[in-house]
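Just below is one structure, and these are the notes that go with it.
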Amino acid sequence: MATIGVLRERYPGERRVAIVPATVGKLAKTGLEVRVETGAGEAAGYPDEQYRQA
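Here it is in structure tokens:
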């Protein structure tokens, strides 16, 4: 099984996130393991709970 990691952006002022929660769900359904760092989507408006629910 392959694993994809989503890291929290550390560059000042950067608000983008590599993968949104809806995409995490789609990837997981294909058999991929998706790991999301705490706070990865916060600046883009995606709280950790949305990633957990995906």
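For the sequence shown, this note's numbering gives the first residue as -10, with consecutive numbering after it.
The C-beta atom is built at its ideal place from N, Cα and C for all residues, glycine as well.
Segment limits, alpha helix (DSSP H) that includes residue i
| i | result |
| --- | --- |
| Val13 | Pro10 to Lys18 |
Residue i (DSSP reduced to helix, strand or coil)
| i | result |
| --- | --- |
| Glu22 | strand |
| Arg41 | helix |
| Ala32 | helix |
Expected contact under 8 Å - CB spacing of residue i and residue j to nearest Å
| i | j | result |
| --- | --- | --- |
| Val6 | Ala43 | About 13 Å separates the two Cβ atoms, so there is no contact after all. |
| Arg(-3) | Gly28 | 5 Å |
Own chain residues within Cβ distance below 8 Å of residue i, not counting five before or after
| i | result |
| --- | --- |
| Ile(-7) | Ile8, Leu16, Leu21, Glu22, Val23 and Arg24 |
| Ala11 | Ala43 |
Cβ shell of residue i (< 6 Å), same chain only, five flanking positions each side left out
| i | result |
| --- | --- |
| Glu31 | none |
| Arg4 | Ala32 and Ala33 |
Start and end residues, beta strand (DSSP E) containing residue i
| i | result |
| --- | --- |
| Gly(-6) | Thr(-8) to Val(-5) |
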